[in-house]
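Okay, so here's the structure we're looking at.
Structure below.
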């Protein structure tokens, strides 16, 4: 069982994104909500200049085995953390993420032009990052819960199905009518699913 739960946001760095779900969870582990330096309300840091630096920051907080609970681009960081330190990651919970795969042909809408236009202060290196981790996903043997909404244009169900096919111990759960903000808009349902995955149960 994990001793720490690390909640990782998506591209907008919303520290509050997972709070509603986390507050409803019964799992007793310590909960930590990440903000990405230079994103949203989190001040920039001179030592953060690329995805690898965000990966390092998450690893630095894993002083004991823990679970990574990640949304969208945060899921790419979670995958990289799990690949780098599988000994410290007990569980993965990934919501509506590419997982570092090439999602060309999946019907996914490219979110980058919108985010670049609406949030011009986000670091450019984040928006230009491209890496295909598909070939390495089979290395991840920790239990993985994939949470998807069937009304998400940014990460359609087809992406979740592809990710599930590459991860050895993955369960895909699809929430009807949910979009890319599934974990925020369906917090109670998401909390129960995560608790079950981690071995805790809601009443």
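Residue numbers (this note's numbering): 33 to 235.
Virtual Cβ for every residue (Gly too), placed ideally from N, Cα, C.
Which of the three DSSP states, helix, strand or coil, is assigned to residue i?
| i | result |
| --- | --- |
| residue 174 | coil |
| residue 135 | coil |
| residue 233 | Since pLDDT at residue 233 reaches only 47, below the 50 mark, its modelled position is unreliable, and no value is offered. |
| residue 10 | Past the edges of the chain, shown from 33 to 235, lies residue 10, and the structure says nothing about it. |
| residue 165 | coil |
| residue 179 | strand |
| residue 126 | strand |
| residue 151 | coil |
| residue 49 | coil |
| residue 70 | coil |
Can you name, in chain order, every residue of its own chain whose Cβ lies under 8 Å from the Cβ of residue i, other than the five neighbours on each side?
| i | result |
| --- | --- |
| residue 182 | 189, 206, 207, 208, 209, 210 |
Taking the alpha helix (DSSP H) that residue i belongs to, which residues open and close that run?
| i | result |
| --- | --- |
| residue 225 | 219 to 230 |
| residue 197 | 189 to 198 |
| residue 203 | Premise fails: residue 203 lies in the beta strand (DSSP E), 202 to 207, not in any alpha helix (DSSP H). |
| residue 156 | 156 to 159 |
Suppose the cutoff is 6 Å on Cβ atoms and the five residues either side in sequence are ignored; what does the same chain contact list for residue i look like?
| i | result |
| --- | --- |
| residue 95 | none |
Here's a check: name, in chain order, each residue in its chain whose Cβ is nearer than 7 Å to the Cβ of residue i, leaving out the five neighbours to either side.
| i | result |
| --- | --- |
| residue 185 | 141 |
| residue 235 | With a pLDDT of 36 at residue 235, under the threshold of 50, the modelled position of that residue is not reliable, and the figure given next carries that caveat. Here the set comprises nothing. |
Between which two residues does the beta strand (DSSP E) carrying residue i extend?
| i | result |
| --- | --- |
| residue 65 | 62 to 65 |
(message) With a threshold of 8 Å, are at least 3 pairs of Cβ atoms found where one atom belongs to the segment 119 to 128 and the other to the segment 164 to 180?
(response) yes
(message) Which runs of the beta strand (DSSP E) at least 3 residues long sit entirely within the segment 93 to 124? Give them in chain order.
(response) 98 to 103
(request) Report yes or no: do three or more beta-carbon pairs, one from the segment 37 to 45 and one from the segment 61 to 74, lie closer than 8 Å? (result) yes
(message) Under 8 Å: do the segment 70 to 86 and the segment 153 to 172 share three or more Cβ pairs, one atom per stretch?
(response) yes
(message) Count Cβ pairs between the segment 108 to 117 and the segment 46 to 62 that sit closer than 8 Å; are there 3 or more?
(response) no
(request) Answer yes if the segment 87 to 102 comes into contact with the segment 187 to 202, meaning at least three C-beta pairs across the two stretches below 8 Å, and no otherwise. (result) no
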